[in-house]
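S.K.:
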Amino acid sequence: MNLTNTSDAPLWDDYFSESLRLDEIDFCIVLIVSLVQLLVLGLLIKSERTVVRQKPSPKALTSVNVLILLMIVSNCFVSGFKFYTWKSINDTFLLIVYSTVMNFSLSVHLFVLVCYTWIRGIPVIQQCFPWAYPMLKGCLILFGLIQFVAFLASVATNVSLVVSSLSAYWEALAQINLYLSFTIDAYIFVFDIVVILFYLRYLASISKEPAIHDIQRLKIISRYGIVSCLWLELWLSSYVAFNSFSSQTIPSVGISAYLAASGFFNLGILIYVSIQLAMKWFLVKEKKLRLSIVLEMQKQHRR
171 MNLTNTSDAP
181 LWDDYFSESL
191 RLDEIDFCIV
201 LIVSLVQLLV
211 LGLLIKSERT
221 VVRQKPSPKA
231 LTSVNVLILL
241 MIVSNCFVSG
251 FKFYTWKSIN
261 DTFLLIVYST
271 VMNFSLSVHL
281 FVLVCYTWIR
291 GIPVIQQCFP
301 WAYPMLKGCL
311 ILFGLIQFVA
321 FLASVATNVS
331 LVVSSLSAYW
341 EALAQINLYL
351 SFTIDAYIFV
361 FDIVVILFYL
371 RYLASISKEP
381 AIHDIQRLKI
391 ISRYGIVSCL
401 WLELWLSSYV
411 AFNSFSSQTI
421 PSVGISAYLA
431 ASGFFNLGIL
441 IYVSIQLAMK
451 WFLVKEKKLR
461 LSIVLEMQKQ
471 HRR
């Protein structure tokens, strides 16, 4: 995400002031909701570990749990440094520092989101579409490289605002940065669509199967996976829209549209994380149900 060219600052004054006010409110909301989500995640992990009474206990820091944790934390960083970036609009040094940290946090955040989509989809992919596993893994590595290039481009764009020798290239760099954000959005969109198709194919293939544990578990993952991917695309659309609006030398949309894109970008991931926590809750509930059935069968067998 790159900064607006402040050479036309008077045209952006109302946008800056309203965006700063909104970002401050959204940052407080993100912090409060994120704390609640961390508490819920902790309770779910505790419940998950106590479902199966075995020694040693199941690991708390599984890849899924770590990615959800990183998702929550990186979202706080993005929201916080986005607020402090605009708050420091009159301090060039702090502006560049905060925007660089924000862009780095955003790059990490997007990579974590894609990794989570990949990790969550692995059970379905490995069981039903093993041929796609190495291909999608390669796509994940390529995405990381694109993210790195996009981060460097965003830093160069922001630095060009304050380095006189680069100021003439700001518009070109802003366009490159914008195209890279479009590329990232398109890449994640295609990646999500492929995963959604795998989920849909799996759900169609087991629609008449009995309620076996593995099938029920993968059903939950597939259904929530589809909702997650669709919501993520809505959020990414707001990211691209806000980046596009901010890349203009003069405002190209009204304040309402600008703030709507900014607000959805600020808060959208809170909904996404809530969907993941709901999925986790249903998976824990399913595991408890399966265990109770097994214990009941064991009791009947002893009789």
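Going by my numbering, the sequence shown opens with residue 171, and the numbers climb by one from there.
Built from N, CA and C at the ideal position, the CB exists for glycine as well.
(1) Decide if ARG290 is buried, meaning its Cβ has at least 16 other Cβ atoms within 10 Å, or exposed.
(2) Would you report the Cα separation of ILE215 and CYS285, rounded to the nearest angstrom?
(3) Rounded to whole angstroms, what's the CA-CA distance from ILE195 to VAL271? Just pull it up for me.
(4) Contact defined as beta carbons within less than 8 Å: I believe VAL319 pairs with SER275. What is the distance between those atoms, to the nearest angstrom?
(5) Report yes if the CB atom of TYR268 is closer than 9 Å to the CB atom of THR287, and no otherwise.
(6) Got a sec, what are the start and stop residues for the alpha helix (DSSP H) ASP362 sits in?
(7) So, helix, strand or coil for ILE215, using DSSP?
(8) Answer with buried or exposed for ASP183, where buried requires no fewer than 16 other C-beta atoms within 10 angstroms of its C-beta.
(9) Three or more beta-carbon pairs under 8 Å between the stretch 410-419 and the stretch 453-463, yes or no?
(10) Consult DSSP for THR176 and reduce its assignment to one of helix, strand or coil.
(11) Can you tell me whether DSSP reads ASP183 as helix, strand or coil?
(12) Mark ALA323 as exposed unless 16 or more other C-beta atoms lie within 10 angstroms of its C-beta, in which case mark it buried.
(13) Would you mind working out which of TYR442, SER258, ALA342, SER407 sits nearest ALA427, comparing C-alpha positions?
(14) How many Å lie between LEU367 and MET449 at the Cα?
(15) Kindly confirm or deny that the stretch 427-442 and the stretch 326-334 touch, where touching means at least three C-beta pairs closer than 8 Å.
(16) Around the Cβ of PHE263, are there at least 16 other Cβ atoms within 10 angstroms (buried) or fewer (exposed)?
(17) Buried or exposed for GLN345, please, with buried defined as at least 16 other CB atoms from any protein chain shown within 10 angstroms of its CB.
(18) Could you tell me if GLN386 is buried or exposed, where buried requires 16 or more neighbouring beta carbons within 10 angstroms of its beta carbon?
(19) Taking 9 Å as the cut-off, decide whether the C-beta atoms of VAL243 and SER187 are in contact.
M.R.: Once the coordinates are examined:
(1) buried
(2) 20 Å
(3) 20 Å
(4) In fact, because the Cβ distance is near 17 Å, the residues do not count as touching under 8 Å.
(5) no
(6) 340-375
(7) helix
(8) exposed
(9) no
(10) A caution first: THR176 carries a pLDDT of 49, below 50, which makes its placement in the model too unreliable to give a value.
(11) helix
(12) buried
(13) SER407
(14) 19 Å
(15) no
(16) exposed
(17) exposed
(18) buried
(19) no
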